[in-house]
Each structure stands twice: as C-alpha cells, then as structure tokens.
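Residue numbers for the sequence shown follow the UniProt record's numbering, so the first one is 1 and each next one is one higher.
Everything on this sheet refers to the single structure shown next.
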Amino acid sequence: MMSDPQITNLANLVEERKDELKQILADLISFPTVSPPARNTSEIQAYIAEYLEALDFQTERWDVFPNDPNLVGIKKGTQSDTYNSLIINGHIDVAEVGDDSSWTVSPFSLTEKAGYLYGRGVSDMKGAVACSLFAVKLLHEEGIDLKGDLQLQTVIGEEVGEAGTLSCIEKGYDADFAMVVDGSNREIHGQGGVITGWVTVKSKEVFHDGMRAELNETGNGASAIEKMPQIIDSLRALEQEWAETKQYPGFKKGTTTINPAVIEGGRHPAFVADECRLWITVHFYPGEDYREVAKEVEDYLKQSVKDDPWFQENPLLFEWGGKSMIEDRGEIFPSAEIDPEHSAIKLLQQSHNTVEQETTSIGMSKTVTDAGWFDDAGIPTAIYGPGKLNEAHSVDEKIEWSELITFTKTMLTFIPTWCNARKQ
Numbered sequence: 001m002m003s004d005p006q007i008t009n010l011a012n013l014v015e016e017r018k019d020e021l022k023q024i025l026a027d028l029i030s031f032p033t034v035s036p037p038a039r040n041t042s043e044i045q046a047y048i049a050e051y052l053e054a055l056d057f058q059t060e061r062w063d064v065f066p067n068d069p070n071l072v073g074i075k076k077g078t079q080s081d082t083y084n085s086l087i088i089n090g091h092i093d094v095a096e097v098g099d100d101s102s103w104t105v106s107p108f109s110l111t112e113k114a115g116y117l118y119g120r121g122v123s124d125m126k127g128a129v130a131c132s133l134f135a136v137k138l139l140h141e142e143g144i145d146l147k148g149d150l151q152l153q154t155v156i157g158e159e160v161g162e163a164g165t166l167s168c169i170e171k172g173y174d175a176d177f178a179m180v181v182d183g184s185n186r187e188i189h190g191q192g193g194v195i196t197g198w199v200t201v202k203s204k205e206v207f208h209d210g211m212r213a214e215l216n217e218t219g220n221g222a223s224a225i226e227k228m229p230q231i232i233d234s235l236r237a238l239e240q241e242w243a244e245t246k247q248y249p250g251f252k253k254g255t256t257t258i259n260p261a262v263i264e265g266g267r268h269p270a271f272v273a274d275e276c277r278l279w280i281t282v283h284f285y286p287g288e289d290y291r292e293v294a295k296e297v298e299d300y301l302k303q304s305v306k307d308d309p310w311f312q313e314n315p316l317l318f319e320w321g322g323k324s325m326i327e328d329r330g331e332i333f334p335s336a337e338i339d340p341e342h343s344a345i346k347l348l349q350q351s352h353n354t355v356e357q358e359t360t361s362i363g364m365s366k367t368v369t370d371a372g373w374f375d376d377a378g379i380p381t382a383i384y385g386p387g388k389l390n391e392a393h394s395v396d397e398k399i400e401w402s403e404l405i406t407f408t409k410t411m412l413t414f415i416p417t418w419c420n421a422r423k424q
C-alpha cells in the first residue's frame, strides 16, 4: 500500500478540489449520449481525449459504429515489463430518457439537491468515469509516477449490447487487471452472463390459406405458429431442469432463466404461416461459456422434436447473440468469475477498507456489465464502482455526492499501489 501520509494527502486534495470533480461530471452529463438511438458519442469522446492528452496520456479513438467511437488512453509506466498494468473501463452511453415530463430536473444538466447529484448517467455511469478522470489528474499533478501501465477505456454501446469493450479487446488492449467501474454500491462484484437468441420454426413449403383444410386432413403441412408452442414448452422444461441441476454461490436457485421475450410469425392472412421466430434471453452462471450455453439450448430443443416428422423435414434454425441490439437485434454479455485470492482483488478490498474504515463485500452483481468480456479474454476483472442499481435508468436518476468523493479516494489509493507492485 501507499504510505499513510501519501493516502492522507491525496484524500485531502480530493476534499479541497471536489468542485473540480463536480465540474467534470457536469461536463459529461451535458452530452446527451442516450442509447438508443446511439451514434452520438463523438463529442464526449473528443472532450475526454483532450482531457487525457493534457495529462500525458497517449490516446486512440476509432469508430465502432458511425459517430460512436471508443477511446483508449494509456499512460506508459516507467518499468512496464515488470510492474502491474491496469485497465479502468467505463461506458459513456446512457439509458434513454424518453418523455422527460416526469423528471423534476433537467436530465442533461447536473443538479445538486440535499446531498445528491441528479442527471441522466450520474449513477450509470458517468459519475464513475468523472471520478476516474479526476483521480488520474491528481496523480499527474502530484507527480506520482507509475511503474506499470495505466489504461483508461471509455467505451460505447453498453446500454444496447454493442460490445465497445469487446472492440478494445479485439484491438489487442489488455492488462494484468481490469476494473469496470460500473455501479456496484462500492462492493466488489463478478457477474452471471446473458445471451439472446432467435429460435426459428420455418417450413420449406409455402401454402395458400385455402389449403389449410387439406393440410389438416393429410398432415402434409403445418403452421409454423402452431408448431412454436411445442418449442416454448421445451424451453420451459429446460429452464426447470437448470433450476434443479445448476447452482453457483451468490445466486438464488433458478437464476438461470430462459425468457421467451418476443415472438414474430406469419406473413399475411392469406397464407398458412410458414415461419415463426422466437426471441429468447438466456441467463447463465459465472464459469459458463456463452457458446456452450447456446449449444446446450440447441441440443435440448433438437432432442425434444426428434420424433416429430414435420421437424425432421423442417429443422429448427438458430441465431445467437450479436454485437448490437440496434443493428443485429442481439447481444452477448459473458459471465465473469471473481477470485477473492487474486492479488488485485485483495488490494482493491484493502484500498476500500483503508479509505472507508469498513470492509466491503465480494459477491455477484444482480445485473450484467462489460466485465464479462475481460473474463472471456482471460483478463482478471472485477466490477467496482459508485451507484446503486435502483438508480440506473430511473426518472430523476441520482447519486450521493459523498459517494463519488469516497470512490475517488479509493481509486487514488488503489491505482498507484497496484501499478507500483511487481508482476507476479
């Protein structure tokens, strides 16, 4: 750990200059980066890039989608080969506001009332991004050198499954540890995973509605819509089987759900429906690979209809995931296991305890974040950030001002201690 005088000095600086933190957050909130519709983050990323470049970070921006660039800023360590590197990751898109008539404050102007800060994204998760930016500024201005590399990633699209973080990984950005500063009420979290998929019942033949009586008599055809309940029943049976056979610490039994969320079918009343599509959302536990989970669903459904002659002639079709709910109508959030014995987790918990004078818990998030992409890439990770889940996406979204101040102090303890520790 850093020395007590260093920790105290940095904590005092946060208190003395907290209005700067508030201004950074006000600036971030003023950019209406709602997703959907998305395609609106170029300006906020330019703001953050200019901010980081003034602190001697090397930055790279690239469009994941038009007018939606990722940004990575790197401050090279003085002994990068032998000291720990760190990724701090946060998304800069926010949930849609829609009709703001029920808001009592302007969603895109920071408002302070009774110890809380209000605005779209203060909790999910521009507050944490502002704290991270303020923390690296104080480290820079205080001349605190880092021996390991420090990397800040501000990514797009998390609200609509657009996998901005995956794009960073695909470009080769990695580290010894990744901290996703999404809201966890300052608890240290892993997460389960989510994958969406389309299950399609599709006939090889198309029939006029006038043929229905003959088809009923001969059995030579069927309505895809009338075949779909068989699939829904099988999914329900698999969900129940998982509830009995799968468990993971930190999750209630039966968390591995399969939600038949959207159904589409048929083309016109003058046709026997030749196609019916079911959009499902599948939740799975840490330690499960989304590819294997998808295969498990496919295999179960294929087995459930193996004795049906019509399905033998018209096999089920599957489409899984996607890189955007907007573009692909699909998303993947891999799960993320957390190792309480990992040196970064121990240090993060110790940093929290030093600042807050009480122990934080290590557990599992009730939602999903981009942390799973790091786990999927073999990068140890944790979710640790300010904000409560019930504030995310809410009307009059708010966060305690004191929570942001405290979180910044913990970051200022953890970052230099981790980056100045030798690789193991």
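Glycine included, C-beta positions come from ideal geometry on N, C-alpha and C.
Quantities reported herein were computed from a predicted structural model and do not represent experimental measurements.
Each of F271, G254 and K202 was checked against the Cα of R212, and the nearest Cα belongs to F271. A direct Cα-Cα distance of roughly 16 Å separates E244 from V282. The continuous beta strand (DSSP E) containing Y118 extends over residues Y116 to Y118. Taken through DSSP and simplified to helix, strand or coil, K75 comes out as strand. Here the alpha carbons of K246 and S335 stand approximately 15 Å from one another. Rounded to the nearest angstrom, the Cβ distance from E159 to V94 is 7 Å, consistent with a contact under 8 Å. DSSP places W103 outside both helix and strand once states are collapsed to three, so it counts as coil. Excluding its 5 nearest sequence neighbours in each direction, Y83 has C-beta neighbours in its own chain below 7 Å: G77, K147, G148, C419, N420, A421, R422 and K423, listed in chain order.
For T59, the enclosing beta strand (DSSP E) has its first and last residue at Q58 to F65. Taking a contact to require three or more Cβ pairs closer than 8 Å, the stretch 334–351 and the stretch 177–188 qualify as touching. Per DSSP, H352 is one residue of the alpha helix (DSSP H) stretching across S343 to E356. Taking C-beta atoms under 8 Å as the contact rule, F31 and I44 qualify, at a distance of about 4 Å. Taking a C-beta distance under 8 Å as the contact criterion, S123 and S365 do not qualify as a contact pair.
For the alpha helix (DSSP H) assignment, the uninterrupted runs of no fewer than 4 residues enclosed by the UniProt domain "Peptidase M20 dimerisation" (217–307) are, from N- to C-terminal side, 224–245 and 290–304.
Membership of G193 in the beta strand (DSSP E) is indicated by the continuous run G193 to K202. N70 has W62 as its beta-bridge partners, per DSSP. Taken through DSSP and simplified to helix, strand or coil, G190 comes out as strand.
Per DSSP, the beta-bridge partners of S324 are G330.
In the three-state scheme derived from DSSP, where H, G and I count as helix and E and B as strand, K113 is classed as strand. Counting every other CB atom within 10 Å of its CB across the protein chains shown gives L71 a total of 16 or more, marking it as buried. Runs of alpha helix (DSSP H) with 4 or more residues, each lying fully within the stretch 117–153, are found at 126–141, listed in chain order. A Cβ-Cβ contact shorter than 8 Å links D174 with I379.
Cβ neighbours of V395 within its own chain (closer than 7 Å, five residues either side excluded): S102 and W103.
Rounded to whole angstroms, the separation of the alpha carbons of G221 and V305 is 16 Å. Cα atoms of K302 and A294: separation of roughly 12 Å, rounded to the nearest angstrom.
Relative to S203, the option among G210, T165, G197 and M228 whose CA is nearest is M228.
Check the Cα spacing between P269 and each of F207, I169, T381 and S324: the tightest is with F207.
Collapsing the DSSP output to three states places I362 in a strand. In the structure shown, I156 falls within a coil segment according to DSSP collapsed to helix, strand and coil. With a contact defined as Cβ atoms closer than 8 Å, F108 and L21 miss out at about 18 Å. With a contact defined as Cβ atoms closer than 8 Å, Y116 and I399 qualify at about 7 Å.
For A46, the enclosing alpha helix (DSSP H) covers residues S42 to E53. Nearest Cα to Y248 within the set G193, D233, A273 and E298: G193.
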